[in-house]
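J.:
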């Protein structure tokens, strides 16, 4: 099992790789997370980590109607937390 604390941090790290106005799809975030862990990250684990960050105001979810999917990015508060501002 992947440590939830580390997964939450790595979610922010993956999101921080995108520019301020770029949103990442959930499959993209999941693929990015796989680089940091020796065992595969499960979709539910990723979703829990994204929701945890969203609840603290560090990540934000958007619905992209053209692609019919949810996309994520760091909020200004999340960018500050990650030392990007």
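In this note's numbering, the protein residues as written are 4 to 88.
For glycine and all other residues, C-beta sits at the position ideal for the given N, C-alpha and C.
Quick caveat, the model's predicted, so the values are computed rather than measured.
1. For residue 74, which of 86, 41, 42, 50 has the nearest alpha-carbon?
2. Apart from the five residues on each side of it in sequence, which residues of its chain come closer than 7 Å, Cβ to Cβ, to residue 37?
3. Write down the C-beta distance between residue 81 and residue 15 rounded to the nearest angstrom, noting that I regard them as a contact closer than 8 Å.
4. Which value, in whole angstroms, describes the spacing of the CA atoms of residue 58 and residue 40?
5. Helix or strand or just coil, what does DSSP make of residue 74?
T.: Result, derived from the coordinates:
1. 50
2. 43, 44
3. 6 Å
4. 24 Å
5. strand
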